[in-house]
Amino acid sequence: VSAELYVYGVTRAGVPAPHEDGVEGERARLFVHGGLAAIVGPPPAGPVVPSRRNLDAHTAVLRAAMRNAPVAPMRFGVVMPQDAVERELLEAARERLDELLQRLDGLVELELKVVYDEDALLREVVAAEPRLMRMRERLRGSAEDATYYDRIRLGELVAEGVERARAARAERILEALRPYAVELRVPDEVPARVALKASFLVEEDAVTRFERAAEDVAAEAAPAYKCHLFGPLPPFSFVELGDLAEAAWAS
Amino acid sequence: MSAVAAGNARGYLQRAPNPSGLADVLDLILDKGLVIDAYVRVSLVGIEVLTIDARIVVASVDTYLRFAEAVNRLDLSQQEEGLMDLTEGGSERKTKGAIEGAKEAFGGNGKRDGEKQKSRK
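In order, the protein sequences belong to chains A and B. Going by the numbering used here, the letters in the first sequence line up with residues 1 to 251, in that order. Going by the numbering used here, the letters in the second sequence line up with residues 1 to 121, in that order.
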């Protein structure tokens, strides 16, 4: 049985190891095989705990490695026997990893999250539709029991209005930021009270310009919406090769 | 909002306190990235707190009634005042609760709990 390794990501061979303490405080190193290198470290005994410290360490190691060469980040918590790193990762997916690293060279990920203030958004929606205002005034004077279905109808119309406003704002923001990104990913579903989540793949040199554009977008969207920008991060959202094990069988 | 003049747009964007971003990008680190499924070995302890953001609003009678209630208690007379607040840079106060909730998803402290309760009503 070969030794197990915690795997942070994949980079090119021939670059310095990242100088950064990783998961559980263990120093990361490179495991070189062929032209590629896995960024690895000693695994914790048992399952990897997604503590704040460990999650931060995972990202910090990848960021340190990105200073030397492009990096394809692994998901948090991958522990593999050394021979599996060699055969199932670096050998089986070699061509795809090579292409991926070439594509990601000089690029970082920025994460945008736009949260809305419900009351502020409701005010916008009601103000935009006089019909909703009239329904509201009518219902306010009546007993709750007597107006059950009317209240459901009002709520349904308001819900539609909120969704329309949210979608329009999301589209506006994406249009404003799209020119500054190489690639863009938007999840199909967003959590409650989130108007938009988006991942942008951005050239390192263009990060400042992207930030400026994001600041303008945030100012325009306030106060009903609050924009948060995270990063630069390793390009977690832009490395999907499918399950690498399946990719290996297919090739 | 058009009340904000060009060049005066600083301070609205919330930047992560450090470059790695953390609490709000957890789903990124836990769900995205290269993976060989058979070798993922993450402790499930704590995951519930971390992925709490994954709640989705579904269209249902409960949701509609909640929206109707929210619109009913909305104080529309605040509208004018709200616009004035903005021009005076006072918009911070209104949205602060939601932001802090998002920022402190990790801490599991009172603010986050407070937000959760509010959204259940």
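We treat Cβ as the ideally placed atom computed from N, Cα and C, and that holds for glycine. Note that this is a predicted model, so its numbers are computed, not measured.
Checking contacts by CB at 8 Å: is residue 215 of chain A closer than that to chain B?
yes
Could you give the DSSP three-state label for residue 56 of chain B: helix, strand or coil?
In this predicted model, residue 56 of chain B has a pLDDT of only 49, less than 50, meaning its place in the structure is not dependable; the value taken from the coordinates is given anyway. Correct three-state label for residue 56 of chain B: coil.
For residue 170 of chain A, which residues of its own chain have a beta-carbon under 6 Å away from its beta-carbon, when the five flanking residues on both sides are left out?
195, 196
Check each candidate in A:186, A:165, A:89 and name the one with the smallest Cα separation from residue 117 of chain A.
A:165
Restricting to Cα atoms, I'd like to know which of A:76, A:240, A:173, A:129 is closest to residue 43 of chain B.
A:76
Chain B contact residues for residue 119 of chain A, given Cβ-Cβ distances below 7 Å:
74
Using alpha carbons as the reference points, say which of A:13, A:123, A:56 lies closest to residue 94 of chain A.
A:13
Where do the N-terminal and C-terminal ends of the beta strand (DSSP E) with residue 228 of chain A fall, by residue?
225-233
Determine the direct distance from the alpha carbon of residue 227 of chain A to that of residue 146 of chain A, and round the result to whole angstroms.
41 Å
How would you list, in chain order, the residues of chain B whose beta-carbon sits under 8 Å from the beta-carbon of residue 88 of chain A?
36
Residues near residue 74 of chain A by beta carbon distance below 8 Å, same chain, minus five either side:
7, 8, 9, 10
According to the neighbour-count rule (16 or more other Cβ atoms, all chains shown, within 10 Å of its Cβ), is residue 4 of chain A buried or exposed?
buried
Could you list which residues in chain B have their beta carbon closer than 8 Å to that of residue 39 of chain A, in chain order?
Residues of chain B passing the Cβ test: none, with the nearest at roughly 11 Å.
Backbone CA spacing between residue 54 of chain A and residue 241 of chain A [nearest angstrom]
25 Å
How would you call residue 199 of chain A, buried or exposed, if buried means at least 16 neighbouring beta carbons within 10 angstroms?
buried
On the DSSP letters alone, give me the boundaries of the alpha helix (DSSP H) that residue 170 of chain A sits inside.
148-177
Taking Cβ-Cβ distances shorter than 9 Å, what residues in chain B pair up with residue 25 of chain A?
Per Cβ cutoff of 9 Å: no residues; residue 25 of chain A is ~16 Å from chain B at best.
Residue 63 of chain A, buried or exposed, once every other Cβ within 10 Å from all chains shown has been counted against 16:
buried
Note down the Cα distance separating residue 192 of chain A from residue 133 of chain A, rounded to an integer number of angstroms.
25 Å
Kindly indicate if chain B contains any beta-carbon less than 8 Å away from that of residue 13 of chain A.
no
Enumerate in chain order the residues of its own chain whose CB-to-CB distance from residue 18 of chain A is below 6 Å, with the five nearest sequence positions on each side excluded.
28, 61, 64, 65
Report all residues from its chain with a CB closer than 7 Å to the CB of residue 187 of chain A; omit the five preceding and five following residues, and keep chain order.
197
Which residues DSSP lists as bridging residue 72 of chain A, in chain order
A:10
Cα separation between residue 24 of chain A and residue 44 of chain A?
7 Å
Would you call the segment 197-217 of chain A and the segment 82-92 of chain A touching, i.e. three or more CB-CB distances under 8 Å?
no
First and last residue of the beta strand (DSSP E) that includes residue 116 of chain A?
107-116
Apart from the five residues on each side of it in sequence, which residues of its chain come closer than 7 Å, Cβ to Cβ, to residue 103 of chain A?
none
Can you say whether residue 59 of chain A is buried or exposed, counting buried as having 16 or more other CB atoms within 10 angstroms of its CB?
buried
Beta bridge counterpart(s) of residue 31 of chain A as assigned by DSSP:
A:38
Rounded C-alpha distance that separates residue 92 of chain B from residue 183 of chain A:
No answer about residue 92 of chain B holds up, because its pLDDT of 37 lies below 50 and its placement is not dependable.
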